Amino acid sequence: METHSQRAMSIITKLKPQFHPCLAARIHHAQPLPTATSSEAAGFVLYLPTVNLRIDQNPALTLACHAANALNVPLVILAVVLDDSHHNSHIPNGGPTVMTSRRLAFTLQALSHACAQWSAHGAAVGIRIHAPTSHNEVNGRKVVGARTPDHLSLASRASFVVVDEPFVYPFLGFVQKVEQACFKSKVECVRVDGSCTVPPLQVLKRTRNRAGVLFEGVPDKAYLWMKKSEGLREGHLKAAADGAFDPPELKIMLKDEVLFAPVVTANQKRAGPSSEEESFGQQLAQLFPSRWKRTIDSNGNPSLPNAPDVRPFTSQELSNLYRCDDYFTEEQTQSEAQTKATSTTPFHNFALNWPGADQTVPPVTHTIGSAPYGLARWNTWVQNEGLSRYAKERNDARNNLRGVSRMSAYLNLGIVSIFKLASDMKRHSTYGSAVSSNTKWKTGAEKFEEELIKFREHSYAHCFSRTDYDSVSSLARWSVQYLDQQEGQYTISQLASGNTNDKKWNAMQKYLVNTGELHNNVRMTWGKSVVEWGIDNDRDSSNAQAILKALCYLNDRYALDGLSPPSYGGLLWCMDWTDKPDSNGGVSPKPAYRYKMSVEEFQEAEKKLLASDPNLNDPTVTGDSKLTGKAKGQANTKKVTLKESGSKRKATIDSYFERKITKL
1 METHSQRAMS IITKLKPQFH PCLAARIHHA QPLPTATSSE AAGFVLYLPT
51 VNLRIDQNPA LTLACHAANA LNVPLVILAV VLDDSHHNSH IPNGGPTVMT
101 SRRLAFTLQA LSHACAQWSA HGAAVGIRIH APTSHNEVNG RKVVGARTPD
151 HLSLASRASF VVVDEPFVYP FLGFVQKVEQ ACFKSKVECV RVDGSCTVPP
201 LQVLKRTRNR AGVLFEGVPD KAYLWMKKSE GLREGHLKAA ADGAFDPPEL
251 KIMLKDEVLF APVVTANQKR AGPSSEEESF GQQLAQLFPS RWKRTIDSNG
301 NPSLPNAPDV RPFTSQELSN LYRCDDYFTE EQTQSEAQTK ATSTTPFHNF
351 ALNWPGADQT VPPVTHTIGS APYGLARWNT WVQNEGLSRY AKERNDARNN
401 LRGVSRMSAY LNLGIVSIFK LASDMKRHST YGSAVSSNTK WKTGAEKFEE
451 ELIKFREHSY AHCFSRTDYD SVSSLARWSV QYLDQQEGQY TISQLASGNT
501 NDKKWNAMQK YLVNTGELHN NVRMTWGKSV VEWGIDNDRD SSNAQAILKA
551 LCYLNDRYAL DGLSPPSYGG LLWCMDWTDK PDSNGGVSPK PAYRYKMSVE
601 EFQEAEKKLL ASDPNLNDPT VTGDSKLTGK AKGQANTKKV TLKESGSKRK
651 ATIDSYFERK ITKL
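Take 1 as the starting number for the sequence shown in full-length UniProt numbering and just add one per residue.
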């Protein structure tokens, strides 16, 4: 008789005939397949999302649902908000780049909507937030167990594990540890790409040497990557539009609370038949960490351990925090927590009070991380002819709220689907005024395509093909040799505080620090200036490496769209990543003092952005029908089944988050 482990090992092979080839092309076995084992049958499929925080057009979630249905087991989703322990790049005496209050608030805003939808779809959902090691004291407060790797315990006990294709750290470090745990436990684990219109896995040549698996074939120039992948793009966009990347209904639906159900002995089982959910809950109870378990207090009342340090948040608990951001730790009094309550924007107070989060990089109020806000921003920009005007207005940072989409942070965490943006862009490709670009005239949509597809996905291919994606080993030898000859002018701390002799660059840096954004055209000048100055690092490393580390640190720490392949591609560009030397044999300069905006104009643009209203309540995205794909007001006269109930919960969730947009 075939065991669960044997079925799990061959689950991809069995599933391939059932789903679209474009979904199959996104599945990446980074670890060898485990050999069959006779271990006790597991009882759930595990999905660990990191950079695809959405339900619609999410290939990884779709595969996880297919696998759960094929194995006839439920789906468990554990979202883990990471800290800097998974990051491979650190600056001496520098602050965190991953666990800042800014990034924490943005990520939780995204997860609050995504987890509510995943739960409504029928998955049992938990949310862990990493913090310092157990019992570490931070600012006089303690959290217990928030560094315990429960995700590894679950992965080693699952039937099958799905993770997002991570591309970069800290997500890559997190996924690699999951894969190692799965391999030791003989559990199949696959990565699935939901970040690119065409997955690099499908285009690049896979080879193997002593160092492991390598992927070759990334061209130096972005336009060559676009040309190399273009023949596959239409098929992937059509697959997304046809629903191939949307999750199927789950055969077995569970509530989040099943994660905390106590183990029931034979003597404790109640008489009479159990519901399907109770039955699976009892089977799964012994597979989930014991410290998560619900207990009974002395008065006979059920009691749960603290969340999210001892046990995960449920999706409902996260939604409650979204609605009423009043979290404070057990060691704080409520009045102490409220002294730091500076905003009613979701999760700002939580992020400022969470132990281990760097409060010196505070949340922003003008950008909310949940999907309805991202969709509203995009639809408003397109409706207001942003694509049509893009070619003419994209380089003017004074017009940042109108000239560019400002969608990069939503795309990098997969909050809004890349397939949606690419499809919308294709529909507008013939509209807008054309401007000259090298040898041809391009419309606004065509210029936007260059940024969204050509440059963005070339950066993803670069990061996919090598783990040293943010190292000077990615640069041409001439560039490194040229930069290493220079003496460094400023320290990283001087740059971070905007304390240079260039007032215009200081204004750029303060714009980034205060807003969490930097216009793409400005970021190029900002980065080029640092390359020209060099880094005063007492020659602990080469000047070229010090420059690149400084740029990555400043961008990752302060920018909402940091820690992503497009960011690293843009920073490498500042060091002439794919270019030849200039006429003087060096890196082409673009110093800040030559930028056309004045210091006062930067300061005015910063004030305008900080004062902007995140409430982009575009009528094209309000109403359940726009976000759920259901006909608004459609009559429902038949009996509601469990699966239909989940759909209704999803619609209610969308409606709730849309109402939050109108209230802020």
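Idealized CB from N, CA, C, for every residue including glycine.
From a predicted model like this one, the values you see are computed outputs, not experimental measurements.
| Item | Value |
| --- | --- |
| Could you give the distance in angstroms between the alpha-carbon of leucine 304 and the alpha-carbon of arginine 102? | 29 Å |
| Can you give, in chain order, each stretch of the alpha helix (DSSP H) that sits fully within the segment 468-502 and has at least 4 residues? | 477-484, 492-496 |
| Closer than 6 Å by C-beta to tyrosine 322: which residues in its own chain qualify, once you throw out the five before and the five after it? Chain order, please. | Ser112, Pro346 |
| Okay, do the segment 46-61 and the segment 87-100 touch, 3+ Cβ pairs below 8 Å being the bar? | no |
| Just reading off the beta strand (DSSP E) that cysteine 324 is part of, what are its end residues? | Where cysteine 324 is concerned, there is no enclosing beta strand (DSSP E), given that its DSSP letter is neither H nor E. |
| To the nearest angstrom, report how far apart leucine 572 and cysteine 115 are at their CA atoms. | 35 Å |
| Tell me which same chain residues have a C-beta within less than 6 Å of the C-beta of tryptophan 526, skipping the five on either side of it? | Met508 |
| Going by the CB atoms, is the gap between proline 170 and histidine 87 shorter than 8 Å? | yes |
| If asparagine 521 sits next to asparagine 395, beta carbons under 8 Å apart, how far is it from one beta carbon to the other, in whole angstroms? | 5 Å |
| Lysine 16 to proline 200, Cα distance in whole Å? | 19 Å |
| Out of curiosity, what's the CA-to-CA distance linking residue 675 and serine 564? | The structure shown has nothing for residue 675, since the chain only spans 1 to 664. |
| Starting from arginine 377, trace the beta strand (DSSP E) both ways and give me its first and last residue. | From DSSP, arginine 377 is part of no beta strand (DSSP E) but of the alpha helix (DSSP H) over 371-383. |
| From residue 684 to methionine 425, what distance separates their C-alpha atoms? | With the chain covering only 1 through 664, there is no way to say anything about residue 684. |
| Between the alpha carbons of tyrosine 390 and glycine 444, how many angstroms are there, rounded? | 4 Å |
| Using beta-carbon positions only, say whether asparagine 58 and proline 248 come within less than 8 Å of one another. | no |
| Taking only the alpha-carbon atoms, compute the straight-line gap between asparagine 399 and leucine 610 and give it to the nearest angstrom. | 14 Å |
| Output needed for valine 76: all residues of its chain with C-beta closer than 6 Å, excluding positions within five of it in sequence on either side, in chain order. | Phe44, Leu46, Ala124 |
| What is the residue span of the alpha helix (DSSP H) that valine 531 lies within? | 520-533 |
| Is asparagine 301 helix, strand or coil when you go by DSSP? | coil |
| Count the other C-beta atoms from every protein chain shown that fall within 10 angstroms of the C-beta of threonine 295, then say buried if there are 16 or more, exposed otherwise. | exposed |
| By how many angstroms is the C-alpha of threonine 491 removed from the C-alpha of tyrosine 511? | 19 Å |
| Which whole-angstrom value is the C-beta distance of alanine 592 and aspartate 502, which I expect to be below 8 Å? | 5 Å |
| Within the chosen definition, does the segment 477-496 reach the segment 232-247 through at least 3 CB pairs nearer than 8 Å? | no |
| If you draw a straight line from the alpha carbon of alanine 635 to that of lysine 549, how long is it in whole angstroms? | With a pLDDT of only 33 at alanine 635, under 50, the local geometry of the prediction cannot be trusted, and the value read off the model is given with reservation. The alpha-carbon atoms of alanine 635 and lysine 549 are separated by roughly 58 Å. |
| Are glycine 126 and proline 312 closer than 8 Å when you measure CB to CB? | yes |
| For phenylalanine 160, which residues of its own chain have a beta-carbon under 6 Å away from its beta-carbon, when the five flanking residues on both sides are left out? | Ala8, Ile11, Val45, Ala67, Glu188 |
| In three-state DSSP terms, what is aspartate 246? | coil |
| Excluding the 5 residues preceding and the 5 following glutamine 18 in the sequence, name in chain order all residues of the same chain whose CB lies nearer than 6 Å to its CB. | none |
| Give the DSSP-derived three-state secondary structure of leucine 287 in the structure shown. | coil |
| When the distance is taken between beta carbons, is arginine 557 closer than 8 Å to threonine 97? | yes |
| Taking just the CA atoms, how far does serine 298 sit from serine 153? | 30 Å |
| So, helix, strand or coil for glycine 623, using DSSP? | Only weak support is given to the placement of glycine 623: the predicted model assigns it a pLDDT of 33, under 50, and the question is left unresolved by the model. |
| My understanding is that aspartate 164 touches valine 192, with C-beta atoms under 8 Å, so please give their C-beta distance in whole angstroms. | 7 Å |
| Among Glu230, His462, Gly516, whose alpha-carbon lies nearest the alpha-carbon of leucine 104? | Gly516 |
| Pull up the DSSP beta-bridge partners for valine 45, would you. | Leu75, Phe160 |
| Is it the case that the Cβ atoms of alanine 546 and asparagine 555 are separated by a distance below 8 Å? | no |
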